[in-house]
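Accompanying notes for the structure given below.
2 protein chains.
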Amino acid sequence: MMEFSIKRDYFITQLNDTLKAISPRTTLPILTGIKIEATNEGIVLTGSDSEISIEITIPNEVDGEEIVEVKEPGSVVLPGRFFVDIIKKLPGTEVKLSTNDQFQTLITSGHSEFNLSGLDPDQYPLLPQVSSDDALQLPIKVLKNIIAQTNFAVSTSETRPVLTGVNWLIQENELICTATDSHRLAVRKLKLEEDIEDKNVIIPGKALAELNKIMTENEDHIDIFFASNQVLFRVGNINFISRLLEGHYPDTSRLFPENYEIKLGLNNHDFYHAIDRASLLAREGGNNVIKLSTGDSLVELSSTSPEIGTVKEEVTANDVEGGNLKISFNSKYMMDALKAIDNDEVEVEFFGTMKPFILKPKDDDTVTQLILPIRTY
Amino acid sequence: MMEFSIKRDYFITQLNDTLKAISPRTTLPILTGIKIEATNEGIVLTGSDSEISIEITIPNEVDGEEIVEVKEPGSVVLPGRFFVDIIKKLPGTEVKLSTNDQFQTLITSGHSEFNLSGLDPDQYPLLPQVSSDDALQLPIKVLKNIIAQTNFAVSTSETRPVLTGVNWLIQENELICTATDSHRLAVRKLKLEEDIEDKNVIIPGKALAELNKIMTENEDHIDIFFASNQVLFRVGNINFISRLLEGHYPDTSRLFPENYEIKLGLNNHDFYHAIDRASLLAREGGNNVIKLSTGDSLVELSSTSPEIGTVKEEVTANDVEGGNLKISFNSKYMMDALKAIDNDEVEVEFFGTMKPFILKPKDDDTVTQLILPIRTY
């Protein structure tokens with residue numbers, strides 16, 4: 001028989017974040033709902049799709065302003081998306097919620113009155129408990145960067161489930177994040193400032209994408225706690241919990257060829273846009289193939305679609321080492337890799353027409369993007 | 378063997394507008410293309426889906442700035458959406474186009490070079506000629522208003538094709554625009570300032586929706602020319618041509634009941650949002666039904682979804698004439714009608730539980746919205 005009132009605009013923000021964990025396609029119907037728990041300390045909202053869970057605590061006061069007034073502690077599960085739509089459209093600045101012992105929930109605001117059938121919160125799955133010691137703390141900006149530089153390269157196919165996640169390897173106080181779909185590979189390295197135990201886990205790519213949407217730069221830092229098969233990200237009043245992927249992540253170090261034949265220094269923006277234009281025809285050709293040929297400082301990109309026509313782009317390299325080469329690649333992989341390189345100057349190392357090539361920011365070894373070529377020549 | 382160069386940003390704007398007439402689903406393949414004609418006066422772009430056609434003239438100079446330089450007049454048809462994507466992504470501020478006698482078209486800008494297979498412009502259908510006398514001139518704002526107040530009510534079903542259009546009736550220097558899908562009806566009247574011949578035409582709703590997207594308020598007025606089975610809208614450098622629907626539009630005047638039982642004066646905003654909230658449950662119920670009951674100045678709205686719950690909304694009327702009534706209606710029709718009433722105060726006239734009811738802006742007879750109730754009581 002819970003009863004509380006809450007400031008509506010603040011409630012909406014927190015509900016929207018909780019909703020990010022909820023999937024309309026779930027095998028467990030109660031997981032389409034949001035669990036709402038009123039305690040003497042405030043309100044706790046929980047959403048989950050059983051892969052990821054989000055738990056948000058709304059305190060009674062924020063910056064000295066009263067947000068929540070709990071008249072009677074208790075809890076209920078209400079239909080998620082639906083409940084959030086109602087709260088968004090209510091007329092008043094405050095909303096009152098009260099439940100009866102059948103979990104019927106009365107929602108009132110202004111001259112508006114909704115009566116919803118709620119569910120028994122005891123039926124809602126318990127969230128995994130993750131112990132709160134041995135945290136890895138990262139600045140939000142850095143974590144957003146790591147996600148942007150690796151997560152795009154995870155596999156979308158379930159043939160090898162471990163490849164749908166990003167491998168986080170912590171050893172000797174260095175974090176190495178690796179993602180690959182076996183056509184391209186992204187690596188981001190980060191020296192850690194604090195001492196932290198070695199770890200080797202695989203975080204699902206989808207979870208990292210959702211986490212990225214929730215992290216705003218209102219907060220400076222995020223705390224990350226690892227358990228045997230779960231990881232907890234804590235940012236401000238939000239707990240974001242994801243299961244870890246089981247299995248062994250492949251050793252990718254042997255994929256890197258050694259001793260490049262050709263190394264080009266290119267302007268990232270110019271190179272990206274030339275590929276973007278060439279990809280217009282590559283897409284129509286159906287296979288996204290772009291041909292690249294180097295000759296001194298001139299890099300020529302070309303693509304053909306038999307029905308529509310041809311395109312030729314020229315980019316001038318700032319630096320060139322080595323001779324001439326022709327190579328073909330998937331334009332999408334190249335554009336993804338260039339976007340992940342957070343630098344105006346990009347270095348491309350080629351090892352031969354049939355060998356993977358490597359992209360890096362100039363004078364920076366923290367990001368490496370590797371792409372397998374396509375056999376056309 | 379056309380050849381010209383053109384300022385790219387200006388070209389993009391005009392191409393985007395031309396594209397609005399082009400449908401990827403067309404029975405005539407050449408209509409997926411844009412016809413480009415270079416003359417000594419400038420460039421003419423044409424797009425068409427055979428129902429509507431858009432013809433845009435780009436003059437050599439705009440506001441004293443040179444936009445186009447034609448080296449050799451000529452014409453070609455290029456793949457529409459594809460060509461526009463290329464122009465958008467080119468690197469330079471200028472684009473050069475030149476064709477050979479096989480309609481192969483070379484497009485260059487900066488270090489970028491596209492070679493597209495064009496089509497013979499003689500294969501492109503001729504646009505209907507609409508004579509340019511006896512124009513109806515309307516301010517853009519007024520035409521946008523007329524479209525917003527009527528077009529939503531056209532039928533989306535092809536069972537009675539005339540109902541997919543808006544009836545424009547000009548008689549005794551008054552324009553009367555009527556749209557109905559046989560569940561609700563929208564009428565907008567406008568006194569014309571100039572003498573104009575009587576007309577009775579049906580303009581396709583889809584054409585009016587596209588026209589609405591093209592009319593910006595950069596221009597003040599639009600000129601409208603009627604031919605036997607076409608209508609031409611001319612705004613600035615754009616000719617927008619639509620075919621008219623054939624057939625007789627039904628006489629809708631007999632639908633209007635007389636002598637209301639109850640008349641309510643309501644705040645449009647409050648009433649709209651109360652219905653919007655009630656419709657959350659009405660939608661889930663599957664049929665959008667909202668019940669309304671009046672009692673003195675209190676209007677109660679309610680809706681029920683057996684699975685989810687119930688909602689009750691109260692709105693206080695500013696004015697009430699007549700007694701009590703219960704009536705049910707489709708929430709979407711009501712919200713559409715209220716949106717079309719461009720006034721803070723709306724008057725609702727009820728003629729009985731089973732009879733259509735009428736919405737009007739307060740003290741204004743130019744807009745009338747009629748809705749048929751749903752039998753539930």
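Chains as they are written, first to last, in the numbering used here: chain U, 1 to 377; chain D, 378 to 754. Just so you know, even glycine gets a beta-carbon here, dropped at the ideal spot from N, CA and C.
- Item | Thr-13 of chain U to Asp-597 of chain D span [Cα, whole Å] | Rounded to the nearest angstrom, the gap between the Cα atoms of Thr-13 of chain U and Asp-597 of chain D is 42 Å.
- Query: Whose C-beta lies closer than 8 Å to the C-beta of Leu-281 of chain U among residues of the same chain, with five residues either side of it excluded?
  - Reply: Ser-303, Thr-304, Ser-305, Ile-308, Gly-309, Thr-310 and Val-311, listed in sequence order.
- Query: Just to confirm, are Val-162 of chain U and Leu-245 of chain U a CB contact at a threshold of 9 Å?
  - Reply: Going by C-beta atoms, Val-162 of chain U is nearer than 9 Å to Leu-245 of chain U.
- Message: Suppose contacts are defined by Cβ-Cβ distances below 9 Å. Is Glu-535 of chain D in contact with Thr-541 of chain D by that definition?
- Response: Contact: yes.
- Rounded C-alpha distance that separates Leu-127 of chain U from Arg-184 of chain U: When rounded, the distance between both Cα atoms is 35 Å.
- Query: Hey, out of D:Lys-709, D:Met-378 and D:Lys-703, whose CA is closest to Glu-726 of chain D's CA?
  - Reply: With distances taken between Cα atoms, Glu-726 of chain D lies closest to D:Lys-703.
- Which residue from U:Asp-181, U:Arg-81 and U:Ile-203 puts its Cα closest to that of Leu-169 of chain U? If we check each option's Cα against that of Leu-169 of chain U, U:Ile-203 comes out closest.
- Query: DSSP state of Arg-243 of chain U, grouped into three classes?
  - Reply: Residue state, collapsed to three classes: strand.
- Item | Where Asp-85 of chain U meets chain D, residues with beta-carbon distance less than 8 Å | The answer, in chain order, is Leu-657.
- With DSSP as the reference, label Thr-57 of chain U as helix, strand or coil. Correct three-state label for Thr-57 of chain U: strand.
- Could you check where the beta strand (DSSP E) with Gln-230 of chain U kicks off and where it finishes? From DSSP, the beta strand (DSSP E) with Gln-230 of chain U extends over 230 to 235.
- Assess, as a yes-or-no matter, whether the segment 133 to 150 of chain U is touched by the segment 222 to 238 of chain U under the definition of 3 or more beta carbon pairs within less than 8 Å. A contact between stretches requires three or more CB pairs, one per stretch, nearer than 8 Å, and the segment 222 to 238 of chain U meets this requirement with the segment 133 to 150 of chain U.
- Message: Among the candidates D:Gly-582, D:Ile-433 and D:Glu-418, whose CA atom is the shortest distance from the CA of Asn-393 of chain D?
- Response: It is D:Ile-433 whose Cα lies nearest to the Cα of Asn-393 of chain D.
- Message: Does Val-454 of chain D come out as helix, strand or coil in the three-state DSSP assignment?
- Response: In the three-state DSSP reduction, Val-454 of chain D falls in the strand class (E or B).
- Ignore the nearest five residues each way along the sequence and tell me which others in Ser-109 of chain U's own chain have a CB closer than 8 Å to its CB. Here the set comprises Arg-8, Leu-90, Pro-91, Gly-92, Glu-94, Val-95 and Lys-96.
- Which bits of chain D does Ile-308 of chain U rub up against, with CB to CB less than 7 Å? Chain D residues near Ile-308 of chain U: Pro-456, Phe-459, Leu-493 and Ser-494.
- Given that Lys-89 of chain U touches chain D, what residues does it touch there, using C-beta distances under 8 Å? Here the neighbours are His-650, Asp-653, Arg-654 and Leu-657.
- Query: Along the segment 471 to 492 of chain D, what residues have a CB closer than 7 Å to any CB found in chain U?
  - Reply: Within the segment 471 to 492 of chain D, the residues whose Cβ lies closer than 7 Å to some Cβ of chain U are His-488, Ser-489, Glu-490, Phe-491 and Asn-492, listed in chain order.
- Task: List the DSSP bridge partners of Asp-511 of chain D.
- Result: Under DSSP, no beta-bridge partner is assigned to Asp-511 of chain D.
- Task: Identify which residue in U:Ala-38, U:Ile-52 and U:Asp-49 has its Cα closest to the Cα of Val-68 of chain U.
- Result: Nearest C-alpha to Val-68 of chain U: U:Ala-38.
- Neighbour-count burial assignment, Met-379 of chain D, 16 or more Cβ in a 10 Å radius: Per the 10 Å Cβ criterion, buried.
- Query: Can you tell me the Cα-Cα spacing of Val-612 of chain D and His-488 of chain D, whole angstroms?
  - Reply: Each residue's Cα considered, the two are about 37 Å apart.
- Message: Let's see if you can read the secondary structure: which residues bound the alpha helix (DSSP H) around Thr-390 of chain D?
- Response: Here the alpha helix (DSSP H) through Thr-390 of chain D covers 385 to 396.
- Message: Does the CB of Val-315 of chain U have a neighbour CB from chain D at under 9 Å?
- Response: Using a CB distance cut-off of 9 Å, Val-315 of chain U counts as an interface residue toward chain D.
- Query: Per the contact definition of three or more C-beta pairs closer than 8 Å, is the segment 326 to 342 of chain U in contact with the segment 290 to 299 of chain U?
  - Reply: With a cut-off of 8 Å, the segment 326 to 342 of chain U and the segment 290 to 299 of chain U count as touching, because enough Cβ pairs lie within range.
- May I ask you to verify whether the segment 710 to 717 of chain D touches the segment 618 to 632 of chain D, counting CB pairs closer than 8 Å and requiring at least 3? Contact check between the segment 710 to 717 of chain D and the segment 618 to 632 of chain D: fewer than three CB pairs, one atom from each, fall below 8 Å, which does not count as touching.
- Quick one: Cα of Ile-553 of chain D to Cα of Val-84 of chain U, how far? Straight-line measurement puts the Cα of Val-84 of chain U at about 43 Å from the Cα of Ile-553 of chain D.
- Task: With 9 Å as the threshold, decide whether the Cβ of Val-666 of chain D is near any Cβ in chain U.
- Result: Using beta-carbon distances, Val-666 of chain D does not count as an interface residue toward chain U, since no partner is under 9 Å.
- Message: Please tell me whether Lys-689 of chain D has its Cβ less than 9 Å away from any Cβ of chain U.
- Response: Contact with chain U is found for Lys-689 of chain D, since one of that chain's Cβ atoms lies less than 9 Å from the residue's Cβ.
- DSSP on Thr-482 of chain D, reduced to helix/strand/coil? Note: Thr-482 of chain D maps to strand in three-state DSSP.
- Message: Counting only beta-carbon separations shorter than 9 Å, does Glu-661 of chain D have a partner in chain U?
- Response: Any Cβ of chain U closer than 9 Å to the Cβ of Glu-661 of chain D would place that residue at the interface, and such an atom is present.
- Which residues mark the beginning and the end of the beta strand (DSSP E) in which Thr-527 of chain D is found? Segment 517 to 527 is the alpha helix (DSSP H) holding Thr-527 of chain D; no beta strand (DSSP E) there.
- Min CB distance Asp-336 of chain U to chain C below 9 Å: No chain C is present in this structure, whose protein chains are U and D.
- From D:Leu-736, D:Ser-508, D:Arg-458 and D:Asp-499, residue whose alpha carbon lies closest to that of Ile-718 of chain D: Ranking D:Leu-736, D:Ser-508, D:Arg-458 and D:Asp-499 by Cα distance to Ile-718 of chain D puts D:Leu-736 first.
- Query: Mind checking if Asp-270 of chain U is an interface residue toward chain D, Cβ cutoff 9 Å exclusive?
  - Reply: At least one chain D Cβ lies under 9 Å of Asp-270 of chain U.
- Which two residues bound the contiguous beta strand (DSSP E) that contains Asp-696 of chain D? Its beta strand (DSSP E) spans residues 696 to 698.
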